[in-house]
Amino acid sequence: MQPLHVLLKSYTYLEYFFKLNWILLMGLRSNNRQDYYYLYIMIIIYIKRGEYLDIYNPIILRANRAVIPPGSITKFPKVQSRMLLWCTGNEGKVTANGSSFNLKKDMFLFLPWNHSITYAAYPDSSFNIAGIHLIPHIPKGTEITYNINHINTYNDQYNSMRSDSDLLGLKGLQRGSMKNGTPLKYLADYILSWFKRELDEERVVREMACQLLYEIKYNLKNVHSENRNIPLKLKNMVIFLEQNLASSIELSEIAAVGECSIPTANRLFKKYLNQSPVKWLQEKRIRVAATMLSTSTVSSAEASLSVGIEDPYYFSRLFKQIMGTTVSKYRMNNSIFYSTD
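Take my numbering: the final residue in the sequence shown is number 349, and no numbers are missing along the way.
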């Protein structure tokens, strides 16, 4: 008997409707883990069929994993795709369209059309990533080439047919998390396995593109909803910290602003922000200082003092730990007025 994903490819959507019970039965009887993923994907696609994404004709043309060696930097000045990028293991730094992110395991970015991107692995570890390249619009009937341009000009006839479009309101650069067990993670893993097998069934990759967009939107909608539900105590503590970065702050002061105990303050930060108050404050201070270093001519000592860190050696050590590079190298690579301290 052929695998379920092979059989399903030949059916029209009307046939899916009539054969839904058969599909469910085959899925339950299958011993192939890939079939379970495909079963889930195709049923959800069927349920959501008919929404307006059909008029834009999105398609996935590439999906792969990559490892950036320790201390290495890889740059692409322009990438002609909307890309779902996430960290699969060791964290690293990503700079997309001038904005830098410390990309940790299971965190993802959904990047805009024609984005620039730089991948930087930290000196002591490789950077493990995976990416899915989606083209928002290629007219049906166009000859498809399964490649993505990573350069400044697009010369071949196929790429002239590729264009950006509105994708369920997913504009600009989006950030989120795709943990194990979530539909987005299942779907992303399945898409990676599909392209690893070098399958190029156009109808399937178009349908997977639609489903990927729905899952990204659903994921981000839930994240935004969770953010709206952050307790008032925590919001007050965060506002207090942001307004007093240059001051010396004790943990007891943070808890007092939130009208809670120190253990409760720690619990709230870890539950909603995935960090202790101290770690959150350290990272916030360094990121504010990094912005100053890249957008002004202040010295590293001045930047350090402006965020409440008086010891320049401690500042340098903390900066490298959080940003993955030294202050001087960061300024050299990111400052619009680079000058040596």
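Where a beta carbon is used, it is the ideal one built from N, C-alpha and C, also for glycine.
Looking only at its own chain, which residues have a Cβ that is under 8 Å from the Cβ of residue i, when we skip the five neighbours before and after it?
i: Lys225; result: Leu176, Gly177, Leu178
i: Met169; result: Ile146, Pro147, Thr150
Tell me whether the beta-carbon of residue i lies closer than 8 Å to the beta-carbon of residue j.
i: Ala128; j: Pro78; result: no
i: Ile143; j: Leu93; result: no
i: Ser307; j: Phe323; result: no
i: Pro239; j: Leu200; result: no
i: Leu195; j: Glu223; result: yes
i: Ile330; j: Glu291; result: yes
i: Phe203; j: Ala71; result: yes
i: Leu249; j: Tyr280; result: no
i: His123; j: Asn110; result: no
i: Phe118; j: Arg90; result: yes
Are there 16 or more other CB atoms within 10 angstroms of the CB of residue i, so buried, or fewer, so exposed?
i: Arg325; result: exposed
i: Met245; result: buried
i: Trp340; result: Here the sequence assigns Met to residue 340, which means Trp is not the residue at that position. Answer is exposed; the Cβ neighbour count stays below 16.
i: Pro66; result: buried
i: Gln251; result: exposed
i: Thr299; result: exposed
i: Gln88; result: buried
i: Leu228; result: buried
i: Thr333; result: buried
i: Glu99; result: buried
i: Gly149; result: exposed
i: Tyr338; result: buried
i: Lys101; result: buried
i: Gly184; result: buried
i: Glu318; result: exposed
i: Thr125; result: Sequence check: residue 125 is Ile here, not Thr. Label assigned to Ile125: buried.
i: Ile247; result: exposed
i: Glu151; result: exposed
Under three-state DSSP, which class holds residue i?
i: Thr103; result: strand
i: Tyr127; result: strand
i: Met216; result: helix
i: Arg339; result: helix
i: Ile365; result: The structure shown does not extend to residue 365, since the chain spans only 9 to 349, so no value can be given for it.
i: Val87; result: strand
i: Arg325; result: helix
i: Ala254; result: coil
i: Ile67; result: strand
i: Val265; result: helix
i: Leu5; result: Any property of residue 5 remains undetermined from this structure, which presents the chain solely from 9 to 349.
i: Ser304; result: coil
i: Ser80; result: coil
i: Ile140; result: strand
i: Ser133; result: coil
Who are the Cβ neighbours of residue i in its own chain at under 6 Å, not counting the five residues just before and after it?
i: Val286; result: none
i: Lys172; result: Here the sequence assigns Asp to residue 172, which means Lys is not the residue at that position. Hits under 6 Å: Trp121, Pro144.
How many whole angstroms separate the CB atoms of residue i and residue j, which I take to be in contact at a CB cut-off of 8 Å?
i: Leu69; j: His158; result: Not a contact, Cβ separation roughly 12 Å.
i: Cys95; j: Lys113; result: 5 Å
Can you find the residues in the same chain that come closer than 7 Å, C-beta to C-beta, to residue i, ignoring five residues on each side of it along the sequence?
i: Lys193; result: Met186, Lys187
i: Ser399; result: The structure shown does not extend to residue 399, since the chain is modelled only from 9 through 349, so no value can be given for it.
i: Val296; result: Leu253, Val315
i: Ser284; result: Asn274, Phe277, Lys278
i: Pro131; result: Pro78, Gly79
Does any CB atom of chain C fall closer than 8 Å to the CB of residue i?
i: Cys95; result: No chain C appears in this structure, which consists of one protein chain only.
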